[in-house]
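All remarks here apply to the structure that follows.
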């Protein structure tokens, strides 16, 4: 996720070639896809924009396979979501081991083996710092000068 200074129309940020060149100059916070899936439900509370649609559709949460913009309308909720997860995970053990989606394999005979939940391991303090940085990004987005841009997976 990137903190972007509002210099152009949102549509300009949906131009992938332009975006690649522009983003190289920006600071960013990278969150693992497994972690995004872990907090996915809470992210659905955040008002956001999809600049890849003709009318820049207002939506909620992140566009999993594309670009999402969080502007001042979603910044307060996004701040609280990031800050709340950071506070919760700060109380956890290091490393954090989070339970993910159900995984089941099929062997060579096409029979299903027993499945289990995927476990993802994260360095607690590093993850908490990333979440706090995103919460700080959200504080800067309260006006019209900045927005948060997520590029999807």
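In the working numbering, the protein residues as written are 1345 to 1497.
Beta carbons are placed, not taken as given, at the ideal position from N, Cα and C, and that holds for glycine.
Just so it is clear, the structure is predicted and the values come from calculations on it, not from any experiment.
Measure the C-alpha to C-alpha separation of residue 1444 and residue 1433 and round it to an integer number of angstroms.
Against the chain shown, residue 1444 aligns to sequence position 100. Against the chain shown, residue 1433 aligns to sequence position 89. C-alpha separation (whole angstroms): 16 Å.
Member of 1467, 1449, 1492, 1469 whose CA lies at the smallest distance from the CA of residue 1460
Locating residue 1460 in the chain shown gives position 116, counting from the first residue. When each option's Cα is compared against that of residue 1460, the closest is 1449.
Just to confirm my understanding: we take residue 1485, look at its own chain, exclude 5 residues before and 5 after, and list those with CB closer than 7 Å. What are they?
Looking up residue 1485 in the chain shown gives position 141. 1414, 1415, 1416, 1419, 1491, 1492, listed in sequence order.
Who does residue 1392 pair with in a DSSP beta bridge?
Numbered from 1 along the chain shown, position 48 holds the residue referred to as residue 1392. Under DSSP, the beta-bridge partners assigned to residue 1392 are 1403.
With the cut-off set at 8 Å, would you say residue 1464 and residue 1378 are in Cβ contact?
Looking up residue 1464 in the chain shown gives position 120. Looking up residue 1378 in the chain shown gives position 34. In contact: residue 1464 and residue 1378 (Cβ atoms closer than 8 Å).
N- and C-terminal bounds of the beta strand (DSSP E) containing residue 1432:
By 1-based counting over the chain shown, the position of residue 1432 is 88. Element bounds for residue 1432: not the beta strand (DSSP E) but the alpha helix (DSSP H), 1416-1434.
Once the 5 residues before and after residue 1410 are set aside, which same chain residues still bring their CB inside 6 Å of it?
The residue you call residue 1410 lines up with position 66 of the chain shown. Only 1396, 1496 meet the Cβ criterion.
In chain order, what residues of the same chain have a beta carbon less than 6 Å from the beta carbon of residue 1481, not counting five sequence neighbours either side?
Within the chain shown, the letter at position 137 stands for residue 1481. Around residue 1481: 1347, 1492.
In whole angstroms, what is the alpha-carbon distance linking residue 1406 and residue 1349?
Within the chain shown, the letter at position 62 stands for residue 1406. Within the chain shown, the letter at position 5 stands for residue 1349. The alpha-carbon atoms of residue 1406 and residue 1349 are separated by roughly 19 Å.
Grouping DSSP H, G and I as helix and E and B as strand, with all else coil, what is residue 1443?
Indexing the chain shown from 1 puts residue 1443 at position 99. Strand at residue 1443.
Starting from residue 1387 and walking both ways along the beta strand (DSSP E), at which residues does that stretch end?
Taking the first residue of the chain shown as position 1, residue 1387 is located at position 43. Taken as a continuous stretch (DSSP letters only), residue 1387 belongs to no beta strand (DSSP E), being part of the alpha helix (DSSP H) at 1384-1387.
Compare the Cα-Cα distances from residue 1424 to each of 1399, 1390, 1474, 1404 and report the closest residue.
Start at 1 with the first residue of the chain shown, and residue 1424 comes out as number 80. Minimum Cα distance to residue 1424 is reached at 1390.
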